[in-house]
Amino acid sequence: VALISLLGLPGNQSPLYSIALGRGTQKPIKTCPRTFILHIQHNGQHFCGGSLISAQWVASAAHCFQFLFSPIPRSALVSSYHVNLGEYQLSNPSRCRISSPVSQIFVHPNYSSTWKSADIALLQLTEPVQYTNEILPICLPGPSHSFPDNHMCWVTGWGRIDSEVSLPPPKTLQEVQVQLIDTAACNALYNIDPAMNIGRDPVKPDMICASYAEGQRDSCQGDSGGPLACDHNGTWFLMGIVSWGEGCGQPNRPGVYVRMVAYGEWIWEHVGSGSQASTMGNCTSGTNDARPCFSSFMLLFTTLLISL
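Mapping to full-length UniProt numbering: the sequence shown position 141 is 141, numbers consecutive.
Structural data, given as structure tokens:
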């Protein structure tokens, strides 16, 4: 019987649904890796991944924050989360590390733990991050931005390296290259001996698949909320958020990610309000320059909203 598990649960908890960087490779060692990737701590331990999308906002997975629906006061729960940027090895804090408490967490109102839809959350940091040569936000794709099927993208994280194997010390950031898979093709793979608890055609329009039919390269528990990042002419776009899958790196079971384009308007409602709108001008490129990218994303959505 296949086990479906939520990614990003602490190591001492049994997963519900799962995917992670199974059989990934270490990123090349850098004193200060240039990155938008971050790890989220809950009560001092690695919990989930995330991506910096502006100076004060982080995108992650909603299922990482199901504890917010518990009877414990929400303020106490939110204060237990911290975001760490500029990390490479979790056991050896980087000199470039920037740590920030979280002031607010917004889980998408349509999030369903049953159907795994709208698995997106936004974290507001207590203070804006000061951008450096190493730490910049990743670009968000606009409504018309798309990558072709089979386009090669990257997943990164500090999750398990196999379903039952934790990332060993010094817990070095892992990366794996995966290819985008058409939704119909992805559902066809999941319909091969489908698990009873997910049924047929489980991949919905607000999701995007990436991996290989033969498996092997995938995300895993602990990678939840982290980025599916795709390069376009030297600029990195956050095409997806690590969400769910059946096991880690299993044949015919690609990793499933939140399709970011589907939630652009909701992101804009939170991140684009107030003073934050002026801070979202640059994002991570493959060169030494920060390229204006998020601003064009906001312009596209502003135009759409005005035209409605």
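For each residue, glycine too, the CB sits at the ideal point set by N, CA and C.
What residues are listed by DSSP as bridge partners for residue i?
i, result
"W268", "In the DSSP output, where bridge partners are listed per residue, W268 has none listed."
"T183", "The partner list for T183 (beta bridge, DSSP) is empty, contrary to what the question assumes."
"H46", "Q41"
"M260", "Answer is none; M260 lacks a bridge partner."
"Y81", "H42"
"G157", "Q174"
"V58", "L52, L123"
"N92", "Q89"
"T35", "I135"
"D162", "V165"
"G255", "A210"
"Q216", "Answer by DSSP bridge pairing: none, since Q216 is not bridged."
"V102", "L125"
"I241", "P227, V258"
"V107", "A121"
"M152", "Q179"
So, under 8 Å CB-CB, residue i and residue j are touching, yes? Tell me the CB distance rounded to an integer number of Å.
i, j, result
"W236", "H108", "Contact flag wrong, Cβ pair sits at about 23 Å."
"V178", "V155", "6 Å"
"L77", "F67", "6 Å"
"Y111", "A62", "4 Å"
"P143", "V261", "6 Å"
"K171", "S91", "5 Å"
"V256", "V203", "6 Å"
Nearest to residue i by CA position, among the options, is which residue?
i, options, result
"L173", "T183, G157, H39, C186", "G157"
"Q41", "V258, D162, P101", "P101"
"P148", "M260, Q45, S243, C230", "C230"
"P141", "G255, P251, L238", "L238"
"residue 343", "N252, V256, I241", "Coverage of the chain is limited to positions 1 through 308, which leaves residue 343 absent and any answer about it impossible."
"A210", "D119, W244, H232", "W244"
"F106", "S60, G264, T132, V176", "S60"
"H82", "N92, Q45, W268, K116", "Q45"
"Q104", "R97, W115, K204, S80", "S80"
"C64", "L228, D119, Y263, P251", "D119"
"F36", "L167, S113, G225", "G225"
"S166", "F47, N43, P227", "F47"
"N233", "V176, M152, I192", "M152"
"P205", "D193, T183, S99", "T183"
"S117", "G249, I208, P254", "I208"
"L228", "Q250, P251, W268, I181", "I181"
"G249", "H145, I161, E269", "I161"
"D193", "H145, C139, N252, W268", "N252"
"R97", "S113, Y131, G264, N150", "Y131"
"N150", "E269, P254, G264, N43", "P254"
"Q56", "E127, E269, N133, Y263", "E127"
So, at 6 Å on beta carbons, what are the nonlocal neighbours of residue i in its own chain, with the 5 sequence-adjacent residues on each side left out?
i, result
"D201", "N187"
"I135", "L85, G86"
"S163", "G247, C248"
"G50", "L38, I40, V58, S60, G225"
"T114", "none"
"N133", "none"
May I ask you to check if the CB of residue i is nearer than 7 Å to at least one heavy atom of the ligand HEM?
i, result
"M152", "In the structure shown, the ligand HEM is absent, as is every other ligand, since no ligand is present at all."
Counting only beta-carbon atoms, is residue i nearer than 8 Å to chain C?
i, result
"V271", "Within the model displayed, chain C is absent; a lone protein chain is all it includes."
If you drop the 5 nearest sequence neighbours on each side, which residues of the same chain put their C-beta closer than 7 Å to that of residue i?
i, result
"R259", "D206, M207, I208, G240"
"N43", "S80"
"S14", "Low confidence applies to S14: its pLDDT is 29, below 50, so where it sits in the model is not reliable enough to give any reading."
Using a Cβ-Cβ cut-off of 8 Å (strictly less than) and excluding sequence neighbours within five positions of residue i, which residues of its own chain qualify?
i, result
"S146", "V261"
"Y263", "H108, A118, I120, D206"
"E269", "none"
The region 213-221 touching the region 114-130, judged by at least three CB pairs closer than 8 Å: no
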